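Scroll down for the structure; my scribbles are underneath it.
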Amino acid sequence: MITNTPPVARIDPSMLRRIAEERRSGRGWEELSGDLDMSTGRELMARVAASLGLEHLDTEDVQVASEALDGFPLKLIHRFEVFPLERLDGRLRLAVTDPFDFNAIDTIATAVECEITPILASVDLVQRLTKRYLGVGAETVDGLIALRQQSGDVEMLEDLTLDGSEDAEQAQQASVVRLVNEILSEAIESRASDIHVEAQEAGIKLRYRIDGVLQRQPTPPEMNHFRNAIVSRLKIMAKLNIAEKRVPQDGRIKLRVSGREIDIRVSIIPMLHGEGVVMRVLDKNNLSFSLKGIGMSDDVYERFMNLIRLPHGIVLVTGPTGSGKTTTLYSALSEIKSEDTKIITTEDPIEYQLEGINQIQVQHKVGLTFAACLRAILRHDPDVVLVGEIRDLETAENATQASLTGHLVFSTLHTNDAAGAFMRLCDMGVEPFLVSSTVEGIMAQRLVRRLCPDCREQYIPEPTDLPADFPMEAFEAQGGHLYRNRGCDSCRNTGYRGRMGIYELLTASDEVRALASQRAASTEIKAAAIRAGMRTLRDDGWAKCLKGVTTVDEVLRVTKAD
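Residue numbering for the sequence shown follows numbering that gives the first Met the number 0, beginning at 0 and increasing consecutively.
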């Protein structure tokens, strides 16, 4: 779409010739605008376009016709910084960044065998179009970016060690370095938590996990030629053995991307068609450990705050991998840390470094397990202890003893709901009477995607389309409407932006303790907790649907009916 703007003042021919000469010498529009007493490069471009009788492309809302790219040589896009928009009446409408580069226009016209209608656009806009329609790595696949003598905004925070092998030399080529940097920076810009680089028979596959859901990233076919070099480059950055391709390897990369410090955990596993790489992105500058900021309702927040301020006992957070348990525990520690409280954690691995809290990394190779750490921690006179996960009887017994001796213990378990934690500890071998007397509360949680506030839309669903356990009375009381996802540029057309938790907080009432000491079934414990006022995961999800912050589909995706 071409913007309709009021007529702009034209530039006289002598000034146009000067601008053309300056552009040929490599000067940019913004730099030139200052010399010519114009407020912005955009104003200068608009006046140049008007003076040359060209259209000026000055909007993000650009629709590119698919047939415009058919048969268009990709190398010309990178070489001349242009992008084809549409073919119309035998002419190709082409976004160009330099209207004075007649050689580029003639070369492209010859290559595509049709006349060119140039449309002036900024370099940033052409690059965004290239990335949007050709995919991550499109700016690099030909190695032409190496001519720019730059490696982007990605800066290594540690020195790299090279072994002089052929693989290492290929991995250090400028185009490969640029390509890997672009993959990493694009993932960080997209708020991805994980980057998957997968070796398939047909070639390389790139996927980002954004808001908990994997999203395929388009990549140009030429990127397949760089598959081995990409893996070798990542190995070098993570200080791994690039010659070893038969066994799994784990490492860590420390980067600064656009001024932000990023930690990336790297896992490489040999697979059928080559090595697969998964990278966990830990953005230190994007941390916000606040219980109120992770989606807790006011009543759950108040009850949970009462639990984490107890003098002793065990507080558990349960849920599957990736459900936000660590974030909840870190947020709880941040709420209660103070100069008069000694807090020690043992984790595997330490994901984030917390100021004012003592953290221990588990080291299985030397026997420093959760249980061994916990025994040592208790000799350091702590008030609060966090154990990353209770995985075995020894750790469970040590946690129980720590709570009985006056310590508040936080930990995690893998159970489907809060009530199941009692049975899980008993199944490990802890005596039921110890479980019932030490466990003060259990928080079960899941993560759902938040609706994008910029594009969510209200709708009236048919009652028959809603699940049987949906709270119809509350639904009708608020007018019978909900919200659903639509999609826009700010949310990458998914309709969702960010995530929040849904929670099920079980506090140990007298009835619950009595049932737990008798090894009652988790269904009985759950029923007793509901009678005492507990809201289930599903109910909390429905409440957030009614508030318009998530969707019915999201709640159905992560929970099952009670």
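Yeah, the Cβ is synthetic: ideal placement off N, Cα and C, and Gly gets one too.
None of the values given here were measured: they were computed from a predicted structure.
Remark: fewer than three beta-carbon pairs, one from each stretch, lie closer than 8 Å, so the stretch 520-527 and the stretch 467-484 are not flagged as touching. For residue 227, DSSP records no beta bridge to any residue. Annotated as proximal: residue 107 and residue 91, with beta-carbon spacing under 9 Å.
Proximity of the stretch 211-227 to the stretch 295-306 falls short of the contact definition, fewer than three beta-carbon pairs being nearer than 8 Å. Within the stretch 209-297, the runs of beta strand (DSSP E) that reach at least 3 residues and sit entirely inside it are, in chain order, 212-216, 248-256, 259-270, 273-282. Distance from residue 356 to residue 332 at the Cβ level is roughly 6 Å; contact confirmed, criterion being Cβ atoms closer than 8 Å. The three-state reading of DSSP puts residue 432 in helix, counting H, G and I together. Going by C-alpha positions, residue 180 is about 25 Å away from residue 349. Residue 185 sits in a helix when the DSSP states are folded into three classes.
With a contact defined as Cβ atoms closer than 8 Å, residue 200 and residue 118 miss out at about 41 Å. Annotated as distal: residue 290 and residue 270, with beta-carbon spacing of 9 Å or more. Note that the stretch 191-208 does not touch the stretch 97-114; fewer than 3 beta-carbon pairs, one per stretch, sit closer than 8 Å. Using a 10 angstroms sphere on the CB of residue 482, the tally of other CB atoms reaches 16 or more, which defines it as buried. Comparing C-alpha distances from residue 504 to each of 551, 488, 416 shows the shortest one belongs to 416. Going by beta carbons, residue 427 and residue 453 fall outside the 9 Å limit. For residue 126, the uninterrupted alpha helix (DSSP H) segment begins and ends at 122-133. The shortest CA-to-CA distance from residue 354 to any of 208, 419, 338 is the one to 338. With respect to residue 190, residue 209 sits close: the two C-beta atoms are nearer than 9 Å. Take the alpha-carbon of residue 18 and the one of residue 26: they are about 9 Å apart. Remark: C-beta atoms of residue 491 and residue 450 do not approach each other more closely than 9 Å.
Taken in chain order, the complete beta strand (DSSP E) segments of 3 or more residues contained in the stretch 369-419 are 383-386, 407-412.
Of the residues 85, 366, 375, 364, the one whose Cα lies closest to the Cα of residue 358 is 375.
Distances from the CA of residue 401 to each of 372, 63, 245 were compared; the closest alpha carbon is that of 372.
Taking 9 Å as the cut-off, the Cβ atoms of residue 412 and residue 389 count as close. Counted as a single uninterrupted DSSP element, the alpha helix (DSSP H) harbouring residue 103 occupies residues 101-111. Secondary structure at residue 469: coil, using DSSP grouped into helix, strand and coil.
In the structure shown, the three-state DSSP call for residue 500 is strand. Counting along the chain, residue 12 sits inside no beta strand (DSSP E); it lies in the alpha helix (DSSP H) bounded by residues 12-23. Collapsing the DSSP output to three states places residue 83 in a strand. Here residue 553 is buried. Its C-beta has 16 or more other C-beta atoms within 10 Å.
Closest option to residue 461, judged by alpha-carbon separation, among 448, 445, 455, 478: 478.
The Cβ atoms of residue 387 and residue 345 sit closer than 9 Å to each other. In terms of Cβ geometry, residue 507 and residue 435 form a close pair [threshold 9 Å]. The DSSP-derived three-state label of residue 458 is strand. Per DSSP, residue 524 lies in no beta strand (DSSP E); the unbroken alpha helix (DSSP H) holding it starts and ends at 521-530.
The residue from 514, 509, 67 with its alpha-carbon nearest to that of residue 133 is 67.
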